[in-house]
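Structure first, commentary second.
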Amino acid sequence: MSALFSSFIHPFTVYLFISIYKSADNKHNRSNLLMYCVLFSPSDSCELKLDTNTAHRNLVLSEDNRTVTAVTEKQPYPDHPERFDYWYQVLCSDGLTGRCYWEIEWEGRVYLGVTYRGISRKGNSDDCALGRNDKSWSLDCHGGGFTARHNNRYTKIPVPSSSNRVAVYLDWPAGSVSFYSVSSDTLIHLHTFNSTFTEPLYPGFGFWVDDSSVSLCDI
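The number in our numbering is simply the position in the sequence shown, starting from 1, with 1 added.
Spelled out as structure tokens, the structure:
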């Protein structure tokens, strides 16, 4: 068992594994969990890069483009067909098709997720918003907790947002994307979406109120 744990990407995964393993209701579920955790390896960590051409004009990128903050003043970004013009959103530049893990820190009221590149960019329709269409999967984060969204269907998650750090694990081949709350000594599973992905997925971030921010974390 120690050899298995030594391959995990994140030290808190050991805690997460033990907690969920103990709660699994039968041997079959525990076997599936063991197989899943074996796939959670250090090579899954990925470094995201924000695509400035997608950023709404009320978003400021800073800290070498690793922090995004919603502001009241519009920024002088040039016109671009991939820029969101209503929803305060920004996508990352690289599409993902493997197993990928990343963490972010958030302030205010934000949402994060993954989307196909074909998500609409112009106008205020749900076709443009992460989690509100069949092209994207998202997690809302705010002081009162979390909400998972896909195709305009949502699931409220009864876990208080005691930490402002969230982890995402995308297993594209298996068709799953999972969200976790990260604190100093534990990982708490929030929600997993299961699907059959047909295209690369692009991480993205959205903002509900001014002064909200998201920062990409070093792992």
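Idealized CB from N, CA, C, for every residue including glycine.
When only Cα atoms are considered, S179 and P77 end up about 35 angstroms apart. In the three-state reduction of the DSSP assignment, N195 falls in the strand class.
Under DSSP, E83 forms no beta bridge with any residue. Judged by pairs of C-beta atoms under 8 angstroms, the segment 207 to 217 touches the segment 100 to 109, as three or more such pairs exist. Collapsing the DSSP output to three states places S185 in coil. The distance from the Cβ of L140 to that of G114 is about 6 angstroms, consistent with a contact at the 8 angstroms cut-off. Collapsing the DSSP output to three states places T116 in a strand.
The criterion of a C-beta distance shorter than 9 angstroms is not satisfied by R118 and C129.
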